[in-house]
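Below: one structure, written as structure tokens.
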Amino acid sequence: MVNVIDTRNSVLNTFLSEIRAVDIQQDRMRFRRNLERVGEVMAYEISKTFDYSARTIQTPINPISVMLPRQEVVIATVLRAGLPFHQGFLNYFDHAGSAFVSARRAYSRVEGQIEIRFDSVYTPDLTGKQLLLVDPMLATGKSLVITYRELLKQGNLPAHTHIASVIASRQGVEYVEKELAGEPLTLWTAALDEALTDKFYIDPGLGDAGDLAFGDKK
Ligand SMILES: O=c1cc[nH]c(=O)[nH]1
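Reading the sequence shown from the start, the letters are residues 1 to 218 in full-length UniProt numbering.
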């Protein structure tokens with residue numbers, strides 16, 4: 001089951017509509033910043049699921065008991081589109097480690113199929129940590145599943161994984177749920193769109209997140 005963040009009547013909806021709107025998304029700085037802001041809101045929502053323990057801190061007036069998170073966090077993303085979204089999570093999890101995966105889509109010679117070319121993984125040890133795998137566009141789900149498996153192969157077993165996207169397709173969510181059934185993970189998205197185009201872009205989606213954030217590829 002995917003957790004769709006409730007965007008009704010909140011500023012999250014403003015950020016989402018600006019990254020989707022064809023006349024606003026061309027402003028690259030605003031586009032990146034909006035992805036970052038969605039990451040910040042989602043970081044806050046996901047933080048509510050962590051384990052906390054009581055600690056006493058001293059104010060200038062008196063001691064007070066506060067609840068602080070117990071687990072370490074690693075934020076992982078796929079280059080390059082994931083970078084601004086990743087930064088949004090880093091803005092809230094000050095001490096998080098980061099993992100980066102380099103992968104790209106390649107259109108298959110077989111009509112209606114897509115392949116994922118997977119290059120490299122850079123990850124800290126994930127053992128017992130909260131892994132936040134953040135990918136702004138969950139389209140087919142194929143790169144996400146490969147990325148998850150590669151991260152665990154190289155970084156060991158996290159306590160729990162949160163997969164977070166800005167926009168997910170229903171097909172992508174169903175693919176991830178089927179392929180990773182039984183894994184200790186939770187899926188989160190700020191928006192769930194119904195379709196994919198014949199080039200496997202999310203429909204209506206927002207277009208190409210990497211190009212909008214950083215410029216066209218050769
Ligand atoms: O719609 C999509 C799907 C994957 N990546 C994107 O940037 N957009």
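No residue lacks a Cβ here, since even glycine has one placed at the ideal position from N, Cα and C.
Under the three-state reduction of DSSP, which class applies to residue i: helix, strand or coil?
i: residue 40; result: helix
i: residue 7; result: coil
i: residue 130; result: strand
i: residue 168; result: strand
i: residue 57; result: strand
i: residue 140; result: coil
Could you give the distance in angstroms between the alpha-carbon of residue i and the alpha-carbon of residue j?
i: residue 23; j: residue 3; result: 29 Å
i: residue 162; j: residue 186; result: 5 Å
i: residue 50; j: residue 44; result: 11 Å
i: residue 105; j: residue 146; result: 12 Å
i: residue 92; j: residue 46; result: 11 Å
i: residue 215; j: residue 207; result: 12 Å
i: residue 205; j: residue 7; result: 16 Å
i: residue 179; j: residue 169; result: 15 Å
Can residue i and residue j be called in contact, C-beta distance under 8 Å?
i: residue 144; j: residue 76; result: no
i: residue 128; j: residue 159; result: yes
i: residue 89; j: residue 141; result: no
i: residue 209; j: residue 81; result: yes
i: residue 137; j: residue 165; result: yes
i: residue 97; j: residue 139; result: no
i: residue 25; j: residue 212; result: yes
i: residue 16; j: residue 195; result: no
i: residue 200; j: residue 116; result: no
i: residue 65; j: residue 59; result: no
So is residue i buried or exposed if we call it buried at 16+ other beta carbons inside 10 Å?
i: residue 167; result: buried
i: residue 29; result: exposed
i: residue 72; result: buried
i: residue 74; result: buried
i: residue 19; result: buried
i: residue 42; result: buried
i: residue 135; result: buried
i: residue 70; result: exposed
i: residue 120; result: exposed
i: residue 197; result: exposed
Give the DSSP bridge partners of residue i, in chain order.
i: residue 197; result: BP columns for residue 197 are empty, so no partner.
i: residue 104; result: 117
i: residue 84; result: According to DSSP, which records beta bridges pairwise, residue 84 is partnered with nothing at all.
i: residue 306; result: Since the first residue of the chain shown is 1 and the last is 218, residue 306 is not available in this structure.
i: residue 52; result: 69
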